[in-house]
Amino acid sequence: MNDPLPPLRDVIARHDLAAKKSFGQHFLLDLNLTAKIASFAGDMANSQAIEIGPGPGGLTRAILGAGARHLTVVEKDARFLPALEEISAAWPGKVTVLEADGLTIDEATILSGENRVILSNLPYNVGTILLIKWLQAQPIWWRRAVLMFQREVADRVVARVGDKAYGRLAILTQSVCAAQLVMKIPAQAFTPPPKVESAVVMLDPLPDGTRFDDLKALGIVTASAFGQRRKTLRRSLGQAASQTTASTEELIAAAGLEPGARAETIDIAGFQALARAWRAARATQP
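When we follow the working numbering, the leftmost residue of the sequence shown carries the number 20, and every step to the right adds one.
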């Protein structure tokens, strides 16, 4: 469907929509770029889509133009609601506008059906928090997430063992999803331009039975291990071990890892084994 609305710059000027640094807002105005981002969601003809932090609606319009069956936009900044309602009027029956905080909503109850997708240019100050929230959902309610982050964060999401960016975020994400960096976006594409590049990550949940189902335990052992990433596991896992009946050495042995290894050399399966060992030792506490 052709976009029936005026250019985004005109919309922003008419509604006096300046980006707020406190909300981590940067507007992507190039509709060719937003259309490319929306295309990574695949065929959305039967999809219920959700977008967090749509701002003036650049990506919103691209998602609708890509044929989403229905789109729910969640915006906490009331200044953008009139512009979003104009989009809703231009696509009758296809858009629900919610004035709410994406950190506190229950997306699984807002969206109906099985074919649910997340597409968002995430505000820089809450992007990682929202990602963790969606990873922790039990059961996973979304079939794909197409998310834009600061480039540094995107690199951390998709990093593999041995990469400089490999750490806690990669392990948590890839224990639940297949993760790909699919697009890089220069700072100059945004208004106002941020100080860093951005990148789009595509996440597909792993099949049932292969996703790691205890992100709390995994989060604890990775936070401990990478909190002192230059130290060996023998020296860095003390905080995690202190929450169990096991010693650090016993946890490492139960996971089949080497005490002298450093966190950045342990693959995701190794950390999952460590999380299972932590949970088992935790369960034996009186």
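By construction, the Cβ of each residue, glycine as well, lies at the ideal position given by its N, Cα and C atoms.
Cross-strand partners of residue i (DSSP beta bridge)
i: E70; result: V92
i: R135; result: Q67
i: L166; result: S139, V220
i: I204; result: S217
i: T210; result: F46
i: A197; result: D223
Cα-Cα separation, residue i to residue j
i: G61; j: I31; result: 29 Å
i: N65; j: L234; result: 30 Å
i: T251; j: G181; result: 15 Å
Sequence-distant residues of its chain with Cβ nearer than 7 Å to residue i (five each side left out)
i: V215; result: Q169, R170, E171, A206
i: W297; result: A236, I239, V240, A259, T263, L270
i: A208; result: L47, D49, L52
i: L225; result: V195, C196, A197
i: S266; result: A260
i: R175; result: A184, G186, L188, A189
i: Q193; result: I287
Under the three-state DSSP convention, the category residue i falls into
i: F46; result: strand
i: V114; result: strand
i: F231; result: coil
i: T251; result: strand
i: R281; result: strand
i: V240; result: helix
i: D174; result: helix
i: G257; result: helix
i: N51; result: helix
Contact check, residue i vs residue j, beta carbons under 9 Å
i: A273; j: S255; result: no
i: L90; j: K113; result: yes
i: L100; j: E118; result: yes
i: A102; j: H45; result: no
i: A14; j: A173; result: This structure cannot speak to residue 14, because the chain is shown only from 20 to 305.
i: I285; j: A242; result: no
i: V136; j: A68; result: yes
Same chain, Cβ closer than 6 Å to residue i, five either side skipped, listed in chain order
i: A57; result: A81, I82, A85
i: A300; result: T263, T264, A265
Close beta carbons around residue i, own chain, < 8 Å, minus the five adjacent residues each side
i: I148; result: L122
Residue-level contact to chain C via CB, residue i, 9 Å cutoff
i: L222; result: Absent from the structure is chain C; it holds one protein chain and no more.
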